[in-house]
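According to this note's numbering, the residues represented by the sequence shown are 1461 to 1630, in order.
We put the CB at the ideal spot given by N, CA and C, even for glycine.
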Amino acid sequence: MTRQHAQKRKSLVDAEKKAKAARMNFDKVIKSDLGATGLANIKLLEELETPEGEARIKADMERQAMVARWAGLAIGTQGSLFDADRRPIEDRAFDDGKRDGMSGKTLQPPHAPDTVAYGRYVEGWHAGQAINATGIKQKPPEAELLRKEGAEVSGKPDEFDEAAGGAAAE
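Here is the structure:
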């Protein structure tokens, strides 16, 4: 019986190797027909067929959009031939200031002081600093130990009891 199982397993392993080779060859056909991203697009379509895959893709897209906004990429705008940012200078100045403020750079607006862009850059820089400040939580101060445990002398008031206006604990 062992030999029979061994033969059956060998035929299954051989079939698996052939199927894998056929899939890899077809992947090459996909890349030649659909370009460098064709296979990635097909895998994306396959992943989107399940609710779990759809949730993963949405979460990844949201994360990428957030990081792109941090980097100053104009999200939700149509690209152009030369990728010029066509948003108003005031919006770009605010985003640049915010990014510089979050990265800890000193406040040095690249705009002339008498322009609206200068003020928006400063506003953005302060907004970035505020984000940094909310991320840094101050450690609460340690409670000051006024009297070590076991060091009190019962029945005899000391400076702590006098300050508290009471007598020593008995």
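Nearest-angstrom Cα distance between residue i and residue j?
i       : j       : result
ILE1535 : ALA1466 : 58 Å
ARG1483 : LYS1518 : 28 Å
GLN1524 : ALA1531 : 10 Å
LEU1472 : MET1461 : 17 Å
PRO1570 : TYR1578 : 7 Å
LYS1470 : ASP1487 : 26 Å
THR1575 : TYR1581 : 10 Å
PHE1554 : ALA1481 : 54 Å
GLU1509 : ASN1501 : 13 Å
ILE1591 : VAL1489 : 49 Å
GLN1568 : ASP1520 : 34 Å
MET1526 : LYS1478 : 43 Å
Apart from the five residues just before and just after residue i, which ones in its own chain have a Cβ nearer than 6 Å to its Cβ?
i       : result
GLY1561 : TRP1585, GLY1588 and GLN1589
Please list, in chain order, all residues of the same chain as residue i whose beta carbon is under 7 Å from its beta carbon, the five residues on each side excluded.
i       : result
LYS1491 : GLY1498 and LEU1499
*Mind the definition here: the stretch 1504-1524 touches the stretch 1544-1556 only if three or more C-beta pairs lie below 8 Å; say whether that holds.*
no
*asked:* Ignoring anything shorter than 3 residues, give me the beta strand (DSSP E) runs that lie fully in the stretch 1559-1600, in order along the chain.
replied: none
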